[in-house]
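Peer 1: One structure, as structure tokens, below. Some questions next.
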Amino acid sequence: MVTFLPTRPGRLADVPSFDRAIGGAESNVACTLARTGHTARWISAVGADGFGDHLLAAVAGCGVDVGHVRRDPLRPTGVYFRTAGDRTGDTHEVAYYRAGSAASALTAADLDPDAIRAGRILHLSGITAALSASCLGLMRELTARRPGRPLLSFDVNYRPGLWRAAAGAGELLDLARGADLVFVGDDEARDAWGLRGARAISDALPEPALLVVKQGRRGATVFRRSTVPGEGVGDATGGRDGGHDGWRDAAAATAATAAPTTFVPSLTVDLVAATGAGDAFAAGFLSATLRGLPDRTRLRHGHLWAAAALTDPGDLATPPGRAHADRLAALDDAAWERLHLGPGWTEAGAGGHRADEEVRTP
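Just so you know, the working numbering puts 352 at position 159 of the sequence shown, and the rest follows in order with no gaps.
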């Protein structure tokens with residue numbers, strides 16, 4: 194979608210002007226991965242309008258392949274407006290204008306199966322399933338377990354305002370059960386499914402090989418049942434960023450050997466806005482998954498990329514450079530817990546992080 198961000202705090206009724214940006218769960222993940230050197234493709238639909246032109250140009254400008262995005266001459270590009278600040282605040286407002294949009298009309302017949310199978314990871318969001326009956330059918334088709342599919346990553350992204358019936362929560366649970374890797378917040382699992390605690394969520398979702406439960410300011414836990422195709426076999430960078438050479442970087446090809454359950458605490462950040470943090474976390478975790486890093490390191494990369502979003506006002510923040518993130522992810526536990534990140538910390542050499550004792554990250 195095209196996103197409109199207010200130029201000052203206040204109610205939508207009172208804000209006189211907005212800055213245009215881009216947003217959307219799947220495109221956020223694709224853009225963030227591409228900006229750190231991975232090969233990413235975004236498959237969707239936009240209108241044959243100016244907003245569609247802007248969206249395609251912006252996503253492509255991040256390095257994402259948009260060659261499989263449909264232009265719909267009959268339906269508009271989706272847009273939304275939101276207030277400034279933290280999504281969790283009582284005064285936060287979001288106004289979606291996506292009913293009848295080009296993306297809401299997508300069906301399984303619109304997608305090129307070869308384009309979907311070409312990647313090592315196929316990432317989906319529960320938000321898409323809520324857009325229309327045809328989108329729900331599309332998601333059911335994509336999450337069906339079939340031989341030869343890529344590693345299927347699914348971010349639950351429960352948005353009660355988008356689901357018109359209580360059945361939506363059950364649909365999301367069924368979709369998650371078809372995935373190989375699932376991201377879900379403990380708060381949305383409680384609201385959608387009445388589940389309380391990471392262990393209860395794990396018990397309700399035994400099918401995914403990897404389950405990542407995000408626990409807000411406390412941290413995140415990964416439950417590992419098995420390895421799956423697409424992880425632990427090198428880096429899909431094509432040699433960009435950090436000197437990696439193609440798909441099979443020997444230095445990153447070690448399969449994950451973490452214990453069945455791994456917990457990593459969140460970082461302390463100077464919060465600017467929470468919007469986009471979940472997408473950034475997923476991108477960080479997926480980046481480390483493509484590189485074959487252990488589960489503990491995957492969670493740390495998720496936290497670091499989420500911190501980039503939390504310290505930026507927009508939906509799509511600049512992620513940390515790979516070398517910078519690797520150095521921080523390699524800190525010992527005590528140094529990790531002392532990290533304090535503020536706006537601008539992702540900029541090379543900016544020194545935007547603070548700690549009780551100096552942590553050098555040139």
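Cβ coordinates follow ideal geometry from the N, Cα and C atoms, glycine included.
Quick one: measure Cβ to Cβ for residue 210 and residue 296, integer angstroms, because I've assumed they're closer than 8 Å.
Peer 2: Reading the sequence shown from its first residue, position 17 is the one you call residue 210. Reading the sequence shown from its first residue, position 103 is the one you call residue 296. Incorrect: roughly 26 Å between the Cβ atoms, too far for contact.
Peer 1: Please report the distance separating the alpha-carbon of residue 493 from that of residue 410.
Peer 2: Counting from 1 along the sequence shown, the entry for residue 493 is found at position 300. Counting from 1 along the sequence shown, the entry for residue 410 is found at position 217. Each residue's Cα considered, the two are about 14 Å apart.
Peer 1: Does the structure place the stretch 323-336 close enough to the stretch 224-237 that three or more beta carbon pairs sit under 8 Å?
Peer 2: Too few Cβ pairs lie closer than 8 Å, so no.
Peer 1: Using the C-alpha atoms, what's the distance from residue 526 back to residue 268?
Peer 2: As a working mapping, residue 268 is identified with position 75 in the sequence shown. As a working mapping, residue 526 is identified with position 333 in the sequence shown. Rounded to the nearest angstrom, the two C-alpha atoms are 51 Å apart.
Peer 1: Who are the Cβ neighbours of residue 327 in its own chain at under 6 Å, not counting the five residues just before and after it?
Peer 2: As a first step, residue 327 must be located in the sequence shown, where it is residue number 134. Here the set comprises 300.
Peer 1: Tell me the DSSP bridge mates of residue 420?
Peer 2: On the sequence shown, position 227 is the one that residue 420 refers to. In the DSSP output, where bridge partners are listed per residue, residue 420 has none listed.
Peer 1: How long is the line joining the alpha carbons of residue 471 and residue 499, rounded to whole angstroms?
Peer 2: If you number the sequence shown from 1, residue 471 lands on position 278. If you number the sequence shown from 1, residue 499 lands on position 306. Going from the Cα of residue 471 to the Cα of residue 499 covers about 7 Å.
Peer 1: Spell out a yes or no on whether the stretch 337-349 and the stretch 314-328 are touching, meaning 3 or more CB-CB pairs, one atom from each, closer than 8 Å.
Peer 2: Contact between the stretch 337-349 and the stretch 314-328 is present, because at least three Cβ pairs lie under 8 Å.
Peer 1: With the cut-off set at 8 Å, would you say residue 225 and residue 212 are in Cβ contact?
Peer 2: Here residue 225 corresponds to residue number 32 of the sequence shown, with the count starting at 1. Here residue 212 corresponds to residue number 19 of the sequence shown, with the count starting at 1. Taking 8 Å as the Cβ cut-off, residue 225 and residue 212 do not qualify as a contacting pair.
Peer 1: Distance, Cα to Cα, residue 508 vs residue 221?
Peer 2: Counting from 1 along the sequence shown, the entry for residue 508 is found at position 315. Counting from 1 along the sequence shown, the entry for residue 221 is found at position 28. So the two alpha carbons sit approximately 8 Å from each other.
Peer 1: I believe residue 398 touches residue 415 by the beta-carbon criterion, under 8 Å. Please report the beta-carbon distance rounded to the nearest angstrom.
Peer 2: The residue labelled residue 398 in the question sits at position 205 within the sequence shown. The residue labelled residue 415 in the question sits at position 222 within the sequence shown. Between residue 415 and residue 398 the Cβ distance is about 12 Å, and since that is not below 8 Å, they are no contact.
Peer 1: Grouping DSSP H, G and I as helix and E and B as strand, with all else coil, what is residue 394?
Peer 2: Working through the sequence shown from its first residue, we reach residue 394 at position 201. Residue state, collapsed to three classes: helix.
Peer 1: Roughly how many angstroms separate the alpha carbons of residue 329 and residue 321, rounded to a whole number?
Peer 2: Start at 1 with the first residue of the sequence shown, and residue 329 comes out as number 136. Start at 1 with the first residue of the sequence shown, and residue 321 comes out as number 128. So the two alpha carbons sit approximately 7 Å from each other.
Peer 1: Over the uninterrupted beta strand (DSSP E) stretch that includes residue 348, give me the two end residues.
Peer 2: Against the sequence shown, residue 348 aligns to sequence position 155. Looking at the DSSP string, the run of the beta strand (DSSP E) that includes residue 348 is 344-348.
Peer 1: Under a CB-based cut-off of 8 Å, is residue 537 close to chain C?
Peer 2: Going by chain labels, chain C is absent from the structure shown, which holds only one protein chain.
Peer 1: Can you grab the Cα-Cα spacing for the pair residue 230 / residue 518, in whole Å?
Peer 2: Residue 230 sits at position 37 when you count from the first residue of the sequence shown. Residue 518 sits at position 325 when you count from the first residue of the sequence shown. Cα to Cα, the separation comes out at about 13 Å.
Peer 1: On the DSSP letters alone, give me the boundaries of the alpha helix (DSSP H) that residue 320 sits inside.
Peer 2: Position 127 of the sequence shown, counted from the first residue, corresponds to residue 320. Note, residue 320: alpha helix (DSSP H), 319-322.
Peer 1: Could you spell out where the beta strand (DSSP E) holding residue 239 opens and where it closes?
Peer 2: Taking the first residue of the sequence shown as 1, we reach residue 239 at position 46. 238-240 is the span of the beta strand (DSSP E), which, as asked, contains residue 239.
Peer 1: Quick one: Cα of residue 304 to Cα of residue 340, how far?
Peer 2: Position 111 of the sequence shown holds residue 304. Position 147 of the sequence shown holds residue 340. Going by the C-alpha atoms only, they are around 18 Å apart.
Peer 1: Can you give me the Cβ contacts of residue 418 inside the same chain, cut-off strictly under 6 Å, excluding the 5 residues immediately before and after it?
Peer 2: Here residue 418 refers to the residue found at position 225 when the sequence shown is read from its first residue. 402.
Peer 1: Would residue 338 be called buried (16 or more neighbouring beta carbons within 10 Å of its own) or exposed?
Peer 2: In the sequence shown, counting from the first residue as 1, residue 338 sits at position 145. That one is exposed.
Peer 1: Expressed to the nearest angstrom, what Euclidean distance is found between the alpha-carbon atoms of residue 445 and residue 293?
Peer 2: Taking the sequence shown and counting its residues from 1, one reaches residue 445 at position 252. Taking the sequence shown and counting its residues from 1, one reaches residue 293 at position 100. Bear in mind that a pLDDT of 32 at residue 445, under 50, signals an unreliable position, so the model cannot answer this.
Peer 1: Going by DSSP, what residues sit across from residue 412 in a beta bridge?
Peer 2: Looking up residue 412 in the sequence shown gives position 219. For residue 412, which the question treats as bridged, DSSP gives the partners 458.
Peer 1: If you draw a straight line from the alpha carbon of residue 219 to that of residue 285, how long is it in whole angstroms?
Peer 2: Looking up residue 219 in the sequence shown gives position 26. Looking up residue 285 in the sequence shown gives position 92. Near 22 Å, if we compare the C-alpha coordinates of residue 285 and residue 219.
Peer 1: Tell me whether residue 199 sits in a helix, a strand or coil according to DSSP, three-state version.
Peer 2: One-based indexing of the sequence shown puts residue 199 at position 6. The answer is strand: DSSP assigns residue 199 an E or B state.
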